[in-house]
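Notes for the one structure printed next.
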């Protein structure tokens, strides 16, 4: 009946009761944790003791007699007084059931219900009844019936109140959103988690239509879910929601029908779990696995391309030397034979074409070499980071040494906020320098306006364990949401064909992951971009003073 032992024990504790088990000699073999709240004994203090040690001396004979009867198969509840650890007296109602092994009595197990308050109330009531009986004997029977009925009603009401209170607390304190929506889409009930996940308080949405949680596109998902509920009685799946501020988030929804006492559908109960972080983790895992696979592929491609290209690179200078020695001989031949053509070209055009073609071959080979270098760099990005302690200013200084000249040529303004003296971190400095250089050059290439600028700065955490952020910001062309979803994909580029391999940002992404951080981007089309390298304080971003 109960979904778990823990839930059952929780119910027993709320009922002010104790589960117990004793062996044939009356030695306690098990007692539920609720015993401590009533009698002050932990289960460990009770197990191994005779249960008669806890019984009030005046009640001991009848308890022993009842235990004997229980061993003979007669199971009758009995009330008796029990002494707590501090000597307090509690009235307990003993429910026991005999346990047999191989046909022989092996002990008993049952429930002790704390009826102290009821006993005190009953004693007070009996005292009052005795006083009333002395004055109004003829009303005794009638009053007894009334009192008995009232006690039952009070007990029943208290039990229902406790159950309702428990249910209310469970719903309100649930980390999952819970709402009840009528068949017309009107919000009848909503807990804090459901309302707050959308940026509302419960009072703001009660009575509103559920479309307050969705935009027009998302309502199509809701309609499909409602269709499934009508056909199957429930829906389980992902539905996107819209917050009060207009932002959207994915949620796992479980919606099912509620029925009235006549079995007719009256509403749906909906549970919601925000899976935004789950989606992000899923995407990061997918990205990492994809980058790792492409890294191996890139390494193989680079090797296969580089081998034949090496022949070109090596032989072009030799071929040029051959031509330089051969051309004077051909010049003399043409001088003696004017008008001779080569491959349908006049000699003067042929002579120029040969060296132009050779130069183009060399340039093409150089571009292949550059592309192979990018592929190898991408493949190497999956290697193991080499961590050591280094000052952040030194990383900035080396980065600027390698790219300041190029940055000054590419943008109107290149601003750098140097970190304060003495800030150190535990990281792979070469990897971090490569990341910063790539991000700076990428920002400069994007900053194509007349007053273009790129900024580099570090934002250390306030405490040693806080993350440190290194920002590269530009006022360039920016990106739309679709582009931002793809910028870290290998070989993705917005530049014209032939101008970029599309590996720079994917290399940055992998290197930052290897040094224990993550890279994030904020951008808007036409308004520039901000790349953030976030190094967590407990790993690569731990800051200390010199």
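In my numbering, the protein residues as written are 1 to 546.
Glycine residues also receive a C-beta, built at the ideal position from the N, C-alpha and C atoms.
This one's a predicted model, so the numbers in the text were calculated from it and none came from an experiment.
Just tell me which of the options has its CA closest to the CA of residue i.
| i | options | result |
| --- | --- | --- |
| residue 400 | 366, 435 and 427 | 435 |
| residue 478 | 526, 438 and 517 | 526 |
| residue 207 | 199, 181, 191 and 223 | 181 |
| residue 184 | 89, 265 and 147 | 265 |
| residue 397 | 241, 512 and 430 | 430 |
| residue 71 | 86, 93 and 108 | 108 |
| residue 485 | 519, 515 and 512 | 519 |
| residue 412 | 385, 453 and 421 | 453 |
| residue 422 | 335, 389 and 438 | 389 |
| residue 282 | 258, 250 and 267 | 250 |
| residue 89 | 81, 96 and 95 | 81 |
| residue 105 | 179, 331, 480 and 23 | 23 |
| residue 122 | 114, 151 and 133 | 151 |
| residue 237 | 522, 225 and 324 | 225 |
| residue 17 | 274, 117 and 197 | 117 |
| residue 259 | 252, 246, 229 and 245 | 229 |
| residue 425 | 464, 415 and 161 | 464 |
| residue 257 | 276, 277, 231 and 241 | 231 |
| residue 555 | 457, 522, 458 and 503 | Residue numbering for the chain in the displayed model covers 1 to 546; residue 555 lies beyond these limits and cannot be assessed. |
| residue 79 | 85, 157, 86 and 67 | 67 |
| residue 462 | 416, 433 and 536 | 536 |
| residue 428 | 336, 359 and 515 | 515 |
| residue 252 | 241, 245 and 246 | 241 |
| residue 394 | 419, 414, 221 and 415 | 419 |
| residue 21 | 189, 43 and 38 | 43 |
| residue 19 | 160, 341 and 114 | 114 |
| residue 173 | 234, 194 and 161 | 194 |
| residue 348 | 330, 361, 364 and 362 | 330 |
Apply the 10 Å Cβ neighbour rule to residue i and answer buried if 16 or more other Cβ atoms are within range, or exposed otherwise.
| i | result |
| --- | --- |
| residue 255 | buried |
| residue 46 | buried |
| residue 472 | buried |
| residue 101 | exposed |
| residue 61 | exposed |
| residue 50 | exposed |
| residue 440 | buried |
| residue 213 | buried |
| residue 468 | buried |
| residue 547 | Residue 547 falls outside the range modelled here, since the chain spans only 1 to 546, and no answer is possible. |
| residue 120 | exposed |
| residue 314 | exposed |
| residue 510 | buried |
| residue 248 | exposed |
| residue 276 | exposed |
| residue 438 | buried |
| residue 460 | buried |
| residue 528 | buried |
| residue 205 | buried |
| residue 198 | buried |
| residue 268 | buried |
| residue 508 | buried |
| residue 442 | buried |
| residue 343 | exposed |
Report, in whole angstroms, the separation of the C-beta atoms of residue i and residue j, which I expect to be a contact under 8 Å.
| i | j | result |
| --- | --- | --- |
| residue 410 | residue 444 | 4 Å |
| residue 63 | residue 52 | 7 Å |
| residue 73 | residue 94 | In fact, because the Cβ distance is near 16 Å, the residues do not count as touching under 8 Å. |
| residue 358 | residue 320 | 6 Å |
| residue 179 | residue 270 | 5 Å |
In three-state DSSP terms, what is residue i?
| i | result |
| --- | --- |
| residue 234 | strand |
| residue 322 | helix |
| residue 34 | helix |
| residue 114 | strand |
| residue 308 | helix |
| residue 395 | helix |
| residue 591 | Residue 591 lies beyond the range of the chain shown here (1 to 546); nothing can be said about it. |
| residue 214 | coil |
| residue 411 | coil |
| residue 245 | coil |
| residue 504 | helix |
| residue 349 | helix |
| residue 361 | helix |
| residue 328 | helix |
| residue 202 | helix |
| residue 531 | strand |
| residue 183 | coil |
| residue 526 | coil |
| residue 155 | helix |
| task | Any chance you could list the beta strand (DSSP E) runs of at least 3 consecutive residues sitting entirely within the segment 430–489, in chain order? | result | 453–459 and 468–474
| said: Threshold first: 3 residues or longer. Then list the beta strand (DSSP E) segments lying entirely within the segment 252–288, N to C. | reply: 265–274
| query | In chain order, which continuous runs of the beta strand (DSSP E) of length 3 or greater are located wholly inside the segment 60–148? | reply | 78–83, 89–101 and 104–114
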